[in-house]
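What follows is a short report on a single structure.
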Amino acid sequence: MKRIAITVLVFELFSGFGFAQTTVSHTVKIIAHPILDLKLENASVSPEFNFRTIADYENGVEKTQAASLKIKANRPWVLNVKAGTESFQASGSQTSSISSSALIIKKSGGSENIALTTYDQAISNGTAGGIDKNKVMLDYKADPGFISPDSYVIELTYTLTAP
Numbered sequence: 319m320k321r322i323a324i325t326v327l328v329f330e331l332f333s334g335f336g337f338a339q340t341t342v343s344h345t346v347k348i349i350a351h352p353i354l355d356l357k358l359e360n361a362s363v364s365p366e367f368n369f370r371t372i373a374d375y376e377n378g379v380e381k382t383q384a385a386s387l388k389i390k391a392n393r394p395w396v397l398n399v400k401a402g403t404e405s406f407q408a409s410g411s412q413t414s415s416i417s418s419s420a421l422i423i424k425k426s427g428g429s430e431n432i433a434l435t436t437y438d439q440a441i442s443n444g445t446a447g448g449i450d451k452n453k454v455m456l457d458y459k460a461d462p463g464f465i466s467p468d469s470y471v472i473e474l475t476y477t478l479t480a481p
């Protein structure tokens, strides 16, 4: 009997330690704001189209991977392109201009040609991710026909939006 009483006393003593514990909870909150980031690789390098032969004037000149855009986003996105003006401007003494639509843009490896205009046109889209997943390479083709000798320039604007 004495042995049973000691055993019960020991169990009573140690069972109290299990109930002596306390816990506390702490809620942690992450606030993820929407992000869209667009970078033009080698922004200081402007593609040049040199028209030297009759074939160049008749068929146009193409630059593959003329632009490389890096996109970081945490949501779906759409990449748009537009011209800053309705036409290429002559930089020399010529008063003529070339329609912006003489520059055709397409996603490298793609088949959809986009003739440049002054309004946004979707050229690519994608999902959330970093530049390892969201890098867009673009091909340019200049096809102005038989233009007057001069240098012509136009500014392109790329815009990244969320649908």
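Using my numbering, read the sequence shown as starting at 319 and increasing by one per residue.
No residue lacks a Cβ here, since even glycine has one placed at the ideal position from N, Cα and C.
Query	Result
Does Asn-377 come out as helix, strand or coil in the three-state DSSP assignment?	helix
Under 7 Å Cβ to Cβ from Ile-416, same chain only, skipping five residues before and after it: list those, please.	Ser-405, Phe-406, Pro-462, Ile-465 and Tyr-470
For the pair the region 386-401 and the region 349-357, tell me if three or more CB-CB distances fall below 8 Å.	yes
In chain order, what residues of the same chain lie with their CB nearer than 8 Å to the CB of His-344, ignoring the 5 residues before and after it?	none
Among Ala-480, Pro-467 and Met-455, which has the Cα closest to the Cα of Leu-358?	Met-455
Kindly list the residues whose CB is nearer than 6 Å to the CB of Ala-433, restricted to its own chain and excluding five residues on each side of it in sequence; keep chain order.	Ser-419 and Ile-422
For Asn-360 versus Tyr-476, is the C-beta spacing smaller than 8 Å?	no
Can you grab the Cα-Cα spacing for the pair Leu-356 / Lys-388, in whole Å?	6 Å
Restricting to Cα atoms, I'd like to know which of Thr-479, Leu-478 and Glu-473 is closest to Ala-401.	Glu-473
I'd like the list of long-range same chain contacts for Tyr-437, defined as Cβ closer than 8 Å, with 5 residues on each side in sequence excluded.	Lys-400
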